[in-house]
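So for the sequence shown, UniProt numbering puts the first residue at 1; every next one is plus one.
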Amino acid sequence: MSRVPVTVLTGFLGAGKTTLLRSLLTQADGRRIAVIVNEFGDAGFDGGLVEECAAKACAPGDIIELTNGCICCTVADDFVPTMDKLLSRDRPLDAIVIETSGLALPQPLLKAFAWPAVRTRATVDGVVTVVDSLALSEGRVTLDEDAVAAQRAADTSVDHDDPIEEVFEDQLACADLVVLSKSDLVSPEALAGIEARLAAVLRPGVRIVRSQGTLAPPVLIGLNSAAEDDMVARAGHHGEEEEHDHDDFDSIVVRPSPATSVAAMRVRVSDALSLTGVLRVKGHARISDRAAPIVVQAVGGRVELSFSRPDVKQAEHLVVIGLKGFDGDAVRRALAG
C-alpha cells in the first residue's frame, strides 16, 4: 500500500505558519488534504482560520484542532489516535499537513511515524520550517552565537539556556525546506545576510525560499524526504532526549470587553505585547457597534487587525503566550483597556 505523504509545518510563534497553510489549501487543485492544527494552551484559534479557506481541499472532519499542549508532548494521547482516525477514512487522502504549535519540537513528532499504527500508512514527505525574517532582523531570535555569548558575558542575568533559541534550533535542525516569511518587510541586504547565516547552520541540501505569505503547493509538497528515517541528522539542541517539557513558556486566555474602535483595540494589544515576557497575542475580539469580530494577530512590535465575515462564528477570546512567569494580571488589565 502507498503511504500518505505528511508535511510537518513548523516555525516559532508568529512566523506565519497559518498564513502559509491557508494559501496552500486555497490552491489545492483537486487534492484532498487533511489538516492537524496544534495549539499551545487551552483554547484554539488557528483551526478556525484554516476552516475558512479549506472548502476546496478538505471534507467535513478533515480539519482537526489539538489544544492544551504541544503535539510533541502528547504523541501517544493525541497525535497517534488522530492520525489513525484520518488514515482510516473511506476516501483516501492525497496529503496531510500538520501545523505544529510555535513552541513544538519536531523531533518527537517525527519519531511517532515509526509507531505501528502509523508507519505502514504514512510518511513524512517533508518538514517545512517557517522563519520570521522580521524577527531575525530585529534580533528577537538569533543565529549569531557570538552575539549571544557577548550579551551573556556583559549581563550575567541573561539566561545561559535561552528557551526561544533552543526551540528555534530544533526547528531548523529538522528542516527539509526553510521558508523565509515576511520577506517584504526586510531589506534585500538584510535578507541576504539572514540566508547566509541560515545556510551555515542548516543540513546540506536544505533549500531556503522567500515568501510574502503564499507559495505554490509543489514547493511545499513532494519533497519525498522520509524524514522519520533520518533522525540522527536532525538531532538539534535536545538530541536524542525522549523526555522534554515546555516549562519555560506559559499561556492564558483572556476575554476582553468590546473596544470602542479599532484604534483602541490596537492600543490594548500593543500595551499587552510590550509587557515583559509576552511573546504572542492572537484570537478574536469585539469592536462596539460592529457585527463581525475582529481578528487579532500580534508578535514582536507588530499588531495586525482585520474583520472576519459577520457569519463566521468563532469564540471571542485572545490567547496570550509568553515566557514562564509573565504577568498575567497586567496582560488582562492591558487588554481590558
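Beta carbons are placed, not taken as given, at the ideal position from N, Cα and C, and that holds for glycine.
With contacts defined as CB atoms closer than 9 angstroms, L180 and V219 fail to qualify as a contacting pair. Within the same chain, T19 come within 6 angstroms of G213 by CB-CB distance, once the 5 residues on both sides are set aside. Around the beta carbon of D329, fewer than 16 other beta carbons lie within 10 angstroms, which makes this residue exposed. Cβ neighbours of R197 within its own chain (closer than 6 angstroms, five residues either side excluded): L143.
Scanning the UniProt domain "CobW C-terminal" (252-336) from its first residue to its last, the whole alpha helix (DSSP H) runs of 4-plus residues come out as 262-273, 328-335. For L103 and G11, the gap between their C-alpha atoms comes out near 8 angstroms. Taken in chain order, the complete beta strand (DSSP E) segments of 3 or more residues contained in the stretch 3-40 are 4-11, 33-38. With respect to the 9 angstroms criterion, I98 and L109 are classified as neighbours on the basis of their beta carbons. By the 16-neighbour rule on beta-carbons within 10 angstroms, V201 is exposed.
Judged by DSSP in its simplified three-state form, T129 adopts strand. Rounded to the nearest whole angstrom, the CA to CA distance from R280 to T120 is 38 angstroms.
CA-CA distance, A112 to L323, rounds to 27 angstroms.
Around the C-beta of V254, 16 or more other C-beta atoms lie within 10 Å, and the residue is accordingly described as buried. Minimum Cα-Cα distance from V4 among the listed residues D29, G126, L13, L66 corresponds to G126.
Straight through space, the alpha carbons of A334 and Q297 are spaced by roughly 16 angstroms. Going by DSSP, R207 is part of the beta strand (DSSP E) stretching over 207-210. Rounded to whole angstroms, the Cβ separation of V6 and V124 is 5 angstroms, and the two are in contact under 8 angstroms. At a Cβ-Cβ threshold of 9 angstroms, S137 and S187 count as neighbours. By the Cβ-count criterion, G283 is buried, with 16 or more other Cβ atoms from all chains shown falling within 10 Å of its own Cβ. Taking the Cβ atoms as the reference, L105 lies roughly 27 angstroms from L185, outside the contact range of under 8 angstroms. Judged by DSSP in its simplified three-state form, A122 adopts strand. About 5 angstroms separates the beta carbons of V118 and M83, which is inside the 8 angstroms limit, making them a contact pair.
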